[in-house]
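Peer 1: The structure's right below; bear with me while I get my questions together.
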Amino acid sequence: MVASRAIGSLSRATASRMRRCPGYICRNFSGSSALRTRTHINYGVKGDVAVVRINSPNSKVNTLNKELQSEFMEVMNEIWASDQVRSAVLISSKPGCFIAGADINMLASCKTSEEVTQISREGQRTFEKLEKSPKPIVAAISGACLGGGLEVGVPAAFDMMLTGRNIRADRAKKMGLVDQLVDPLGPGLKPAEERTIEYLEEVAVTFAKGLSDKKISIKRDRGLVDTFSFTELMSYAMSIPFVRQQIYKKVEEKVRKQTKGLYPAPLKIIDAVKTGIEQGNEAGYLSESQKFGELAMTRESKALMGLYHGQVLCKKNKFGTPQKEAKHLAILGAGLMGAGIAQVSVDKGLRTILKDATLAGLGRGQQQVFKGLNDKVKKKALTSFERDSIFSNLTGQLDYQGFEKADMVIEAVFEDLSLKHRVLKEVEAVIPDHCVFASNTSALPINEIAAVSKRPEKVIGMHYFSPVDKMQLLEIITTDKTSKDTTASAVAVGLKQGKVIIVVKDGPGFYTTRCLAPMMSEVLRILQEGVEPKKLDSLTTSFGFPVGAATLVDEVGVDVAKHVSEDLGKAFGERFGGGSVELLKQMVSRGFLGRKSGKGFYIYQEGVKNKNVNSDMDGILASLKVPPKSEVSSDEDIQYRLVTRFVNEAVMCLQEGILATPTEGDIGAVFGLGFPPCLGGPFRFVDLYGAQKVVDRLRRYEAAYGKQFTPCQLLIDHANSPNKKFYQ
Amino acid sequence: MTSMLTYTFKNLPNTSKWALQFFVRPLSCSSQLRAAPATQTKSKKTLAKPNIRNVVVVDGVRIPFLLSGTSYKDLMPHDLARAALSGLLTRTNVPKDVVDYIIFGTVIQEVKTSNVAREAALGAGFSDKTPAHTVTMACISANQAMTTGIGLIASGQCDVVVAGGVELMSDVPIRHSRKMRKMMLELNKAKTLGQRLSLISKFRLNFLSPELPAVAEFSTSETMGHSADRLAAAFAVSRLDQDEYALRSHSLAKKAQDEGLLSDVVPFKVPGRETVTKDNGIRPSSLEQMAKLKPAFIKPYGTVTAANSSFLTDGASAMLIMAEEKALALGYKPKAYLRDFVYVSQDPKDQLLLGPTYATPKVLEKAGLTMNDIDAFEFHEAFSGQILANFKAMDSDWFAQNYMGRKTKVGSPPLEKFNNWGGSLSLGHPFGATGCRLVMAAANRLRKEGGQYGLVAACAAGGQGHAMIVEAYPK
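Protein chains in written order, with the UniProt record's numbering: chain A, 1 to 728; chain B, 1 to 475.
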């Protein structure tokens, strides 16, 4: 008998709803028969329904760790053994979070794959027992319910195994993951979150009673086979081995295509499911836990866990609370970046002025913000009313009216130092004393911009990435003169905008642009050596970059790339050599500016999905052709020429103090530049791949090409003493 | 209260200081309450304000409120409004030419008569020299009509105003889809046959799917019943409490109808049909019957059902309001003063129906009165759950402090003074017309039951609310 039901509480803003309510947790339950105090789980009996409340101490979320699991089994065994109890309700006492999944620290602390397998086995046994429970169990879920948490709630949630997705409650109901929805309540006689959980519990208890009294029955299809086959015909087809093989093949192909074979997990999951179907559930579970154990020990797993921890760190403001919270923003320049920044700001309730020099430019920017919000309406993430009310936070204008109230001005005008100087002076004439002036530039040194400022301590760099509403990273750049409070304020605004933030020191190209530039220079070199753009793209994406290298140049904009490589080339000299900037210059002169102009290395047409190579580039490439060096031109070498230059420059940034920590370096590279997440970022890569091997490769390329491949001192230090790691 | 007393008495044998304190408190409290009617002194003798004209209700009437789809179903809204207006003329004998202005409230508008006040006034035989306009503010539209009239009189612009409201839910405007309308409008403009044909060629069958007037809140897309159910849950109002309250409303309405207390009702001879003389939605049932109903909005575990919600209603009301000196000069004996009023608004999602909670303390403060000064409460009953949630909110210090920015609660109205002649749950709720019914019920109850001050309050779609103090005219 499948006796588990899930009731989900519809909640859009789970993150903001996480709050501890000690008053509720300490509540007394009359008739409660909790036998002894447990730390993670307590339970009471209401009539003949046991209410099991999950509440990990000192944590915002409940995670599946060893203690929670063993307490949970204890409680469930008591419930199954008890004569008074006929059904049970599982609920979290934390508003906005049921169970957020397995405890990542628990997995990280495991030394061997056997240990992980053991944990996984125990987890499976728990889930199996839940699934086979003789008494109906209702899971009342409010907010985040991920990974193992979902398995507790819905023991047969196989259809979510492949992709990590966020599913809204109403979608989950349609998918058959949950049976009933409970809408969140407004304020009553106590805070809304608290009452909503109580209400959820009340409703769940009614359901549990109804199930054990057989007044409510469930009609629901479950399981993998049912998910894949919507008709009886299909499930008949699945019983034929040949058809099954074909389906496995198809699924594997699809997964391989999506992951490029870089992430081992999805394929192993398919393996486990296959074993389960072919050899029975028991074998399937066993294979699943063994594979889980193996996976936990892989490099990819270490890299991704590292990124997870890094991201958590970069979501905190280590500069403290700013003296004055920024509530009024003003953004100069309604271009792609300016409008993008405006969108993520109004979205979070910041009053935002968007100023441009021309009505046409302003109108374009306003439309971009509106479209961004309206797309969310189309995806049902917002109502049209919420869109309108968010959009009302935006004021579009051509003058400096209202700047006297601004707490922060972010300029996103064209990348031209004299223009930036002009707007800085204009703005400083109208803003209040406390107002921060932030420059969104990808390469211009902030101290040069601040040179004309009356108050350089209030000037800071905020480097957003395009498209702003999609890219999570924000690189904040401080000069020697930038005050701590200014930094705190910029970080606070960035966090409010939902960004992952790294704070770096000023210098040409800061951190991200500086790492990208040598790699881009190598891209040009490789193209000059006659590698086709399509081939180059496939080499880079198969290494784990989300976007191919040639496409990336088109996306960034050829003119921008030219600007940056000229500027940084001047600043760093030979180390940024390699490819010829002439290539970019010629492209700009022909109007091949990349995606924005419709032509770059590729041709871009509205509505055409498969882009074609721009054949007009052949001439340019031919005229700048250089002979390839065969000893370092294998596919693998091409990939490593790109990556090692990137990594070398990143380590150089740490060596020079541009970066404060390797963590920020990894986060910046992965979230801002698309450095392969499976490698965990340049520093994690050096740790896992081995500094010596990186240096060896660099030396080989140095011998062929020269100084641009010379490994930096810090990297050599790490190579010389194998104990040295960026992450201890 | 009695049970509390017996409880403390039982505990007396093992007396402690603590128990004694407990014992003393309820006793003193009850003595105060019991003595109240005899020695009660109002916070204020009257609410007349210096240099501001007193505004009075001469009288007010309504045609019977009927379940939609019954006897009024073939009429148009202005027909109902006309019937209420002619009823008012008959009841008050007011000379047509002294009426300075006519204002009506309505919610779902008939597009042909969008200024329904004017159409009805012309048809009811008012002078064509009397201007009229229509207002809309969801369920407090008639209240808005009255307070607009109060404003005109108090500011000296008018002396005599007719205010009223009308709603006909039997017929609502169902439109062509936007695509269809667009095509029809473009066809109108098309000059050549070719243009017309090319437009027609764009026609698709789905153009014909009609657009119904939204029953949901525009801003949140949530139906009012759904919101009411969530509100009841938020305040932990049980299904049984809701059914009991609905039963009370129906029983009291039945009693009032039988005893002839609903004197504001005027008979209406419906063309082609019988003469309608009384409200037809009053149906006292039993708790057992009501318990059988399934929830209407949040299925299957919600608590709001058809039996504990107000029903779709057709009806109209009208009231004659004047400056006091004008009424006296015309030889009238007014029924009541219309005193301080407030409008409030709050979150249309989670507090859609909490208008009375917000409006009540505000209007009392404005008038300088307390809850104890009020002799007759007339609240609009949208849903049982809504009324009971409002009671709980008004009785909660926590809610007052956290959501209303007040130091203490205002207290919930004593049930024995509350909607004694039935309410919207039983009498019906024609959206645009209920406001006048509430005021007339308060005025008539004050005359009948004695007492000086009445408090009228209502919630409305959009998260808005209204409250007004009605003061009995000295006999």
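Ideal Cβ positions, reconstructed from N, Cα and C, are used throughout, including at glycine.
Since the structure is predicted, the reported quantities are computational estimates derived from the model, not experimental observations.
In chain order, what residues of the same chain lie with their CB nearer than 6 Å to the CB of K357(B), ignoring the 5 residues before and after it?
Peer 2: Contrary to the premise, residue 357(B) reads as Thr rather than Lys in this sequence. Same-chain partners within the cutoff: N390, A393, M394.
Peer 1: Using a cut-off of 7 Å between C-beta atoms, extract the partners of K392(B) located in chain A.
Peer 2: Going along chain A in sequence order, the residues near K392(B) (Cβ under 7 Å) are L189.
Peer 1: Which residues in the same chain as Y199(A) place their Cβ atom closer than 8 Å to its Cβ, once the five residues preceding and following it in sequence are excluded?
Peer 2: Excluding residues within five positions, the ones whose Cβ falls inside 8 Å are V182, L185.
Peer 1: Note down the Cα distance separating E128(A) from M106(A), rounded to an integer number of angstroms.
Peer 2: Rounded to whole angstroms, E128(A) to M106(A) spans 21 Å at the Cα level.
Peer 1: Going by other Cβ atoms of all chains shown within 10 Å of its Cβ, with 16 needed for buried, is N28(A) buried or exposed?
Peer 2: At N28(A), the pLDDT of 31 sits below 50, so the modelled position is not reliable; the number obtained from the coordinates is stated separately. So N28(A) ends up on the exposed side.
Peer 1: Is the distance from the Cβ of V61(A) to the Cβ of I104(A) below 9 Å?
Peer 2: No. Outside cutoff.
Peer 1: Are the beta-carbon atoms belonging to Q242(B) and S384(B) less than 9 Å from one another?
Peer 2: In contact: Q242(B) and S384(B) (Cβ atoms closer than 9 Å).
Peer 1: So, at 7 Å on beta carbons, what are the nonlocal neighbours of H133(B) in its own chain, with the 5 sequence-adjacent residues on each side left out?
Peer 2: Hits under 7 Å: I103, N115, A117.
Peer 1: By alpha-carbon positions, which one of I390(A), S439(A), A140(A), L354(A) ends up nearest to L398(A)?
Peer 2: Nearest C-alpha to L398(A): L354(A).
Peer 1: Taking DSSP as the reference, what is the three-state secondary structure of N58(A)?
Peer 2: Here N58(A) sits in coil by DSSP.
Peer 1: From L621(A) to T486(A), what does the alpha carbon distance come to, in whole angstroms?
Peer 2: The alpha-carbon atoms of L621(A) and T486(A) are separated by roughly 46 Å.
Peer 1: Check for me: the alpha helix (DSSP H) holding D243(B) runs from which residue to which?
Peer 2: Element bounds for D243(B): 239-258.
Peer 1: Straight-line CA distance for F158(A) to I502(A)?
Peer 2: Residue confidence is low: F158(A) scores 30 on pLDDT, short of 50, so the model does not pin down where it sits. Its coordinate-derived value is still stated next. Cα to Cα, the separation comes out at about 37 Å.
Peer 1: Interface residues of chain A around Q401(B) at Cβ under 8 Å?
Peer 2: Simply none; closest approach about 12 Å.
Peer 1: With which residues is N612(A) paired in a DSSP beta bridge?
Peer 2: Looking at the DSSP assignment, N612(A) forms a beta bridge with I603(A).
Peer 1: Assuming Y727(A) and R684(A) are in contact, meaning their beta carbons sit under 8 Å apart, how far apart are those beta carbons, in whole angstroms?
Peer 2: About 7 Å separates the two Cβ atoms, so the contact holds.
Peer 1: Give a yes or no on whether 9 Å exceeds the smallest Cβ distance from A316(B) to chain A.
Peer 2: Cβ-Cβ to chain A under 9 Å: no for A316(B).
Peer 1: Is DSSP giving T298(A) helix, strand or coil here?
Peer 2: In the structure shown, T298(A) sits in coil (DSSP, three-state: anything other than H, G, I, E or B).
Peer 1: Output, in chain order, the set of chain A residues within a Cβ distance shorter than 8 Å of T220(B).
Peer 2: Simply T383, F385.
Peer 1: Beta carbons nearer than 7 Å to chain B: which residues of the stretch 88-99 of chain A have them?
Peer 2: The residues in question: there are none.
Peer 1: Is the CB of V51(A) under 9 Å away from at least one CB in chain B?
Peer 2: For V51(A), the answer is no, since every Cβ of chain B falls outside 9 Å of its Cβ.
Peer 1: Beta-carbon of K278(B) versus every beta-carbon of chain A: anything under 9 Å?
Peer 2: No, K278(B) does not count as interfacial toward chain A.
Peer 1: Taking the alpha-carbon of Q84(A) as reference, which of K66(A), K209(A), L68(A), E194(A) has the nearest alpha-carbon?
Peer 2: Ranking the options by Cα distance to Q84(A), first place goes to K209(A).
Peer 1: Out of P430(B), M404(B), L446(B), Y403(B), point me to the one whose CA is closest to W421(B)'s CA.
Peer 2: Closest by alpha carbon: L446(B).
Peer 1: So what does DSSP say about F268(B), is it helix, strand or coil?
Peer 2: Residue state, collapsed to three classes: strand.
Peer 1: Quick check on the burial criterion: 16 or more other C-beta atoms within 10 angstroms. Buried or exposed for E193(A)?
Peer 2: The residue is buried, with at least 16 neighbouring Cβ atoms inside 10 Å.
Peer 1: Run the CB neighbour count on M184(B), radius 10 Å, all protein chains shown included, and call it buried at 16 or more, exposed below.
Peer 2: Answer is exposed; the Cβ neighbour count stays below 16.
Peer 1: When we look at the beta-carbon of H718(A) and count the other beta-carbons within 10 Å, is it buried (16 or more) or exposed?
Peer 2: It is buried - the Cβ of H718(A) has at least 16 other Cβ atoms within 10 Å.
Peer 1: List the whole-angstrom C-beta distance separating Y72(B) from V270(B), where the pair is believed to meet the contact cut-off of C-beta under 8 Å.
Peer 2: Right, their Cβ atoms sit about 7 Å apart.
Peer 1: Is there a Cβ from chain A that is less than 9 Å from the Cβ of L330(B)?
Peer 2: So no, L330(B) is outside the interface.
Peer 1: Work out the CA separation of F437(A) and H421(A) for me, nearest whole Å.
Peer 2: Each residue's Cα considered, the two are about 12 Å apart.
Peer 1: Candidates N206(B), E449(B), L455(B): which alpha carbon is nearest M371(B)'s?
Peer 2: Per the Cα distances, L455(B).
Peer 1: Is there at least one Cβ from chain B nearer than 9 Å to A443(A)'s Cβ?
Peer 2: So no, A443(A) is outside the interface.
Peer 1: What do you get for G432(B), buried or exposed, if any count of 16 or more other CB atoms within 10 angstroms of its CB means buried?
Peer 2: Buried.
Peer 1: What would DSSP say about K392(B), mapped onto helix, strand or coil?
Peer 2: Correct three-state label for K392(B): helix.
Peer 1: Do H226(B) and F311(B) have their CB atoms nearer than 9 Å?
Peer 2: No, Cβ-Cβ distance for H226(B) and F311(B) is not below 9 Å.
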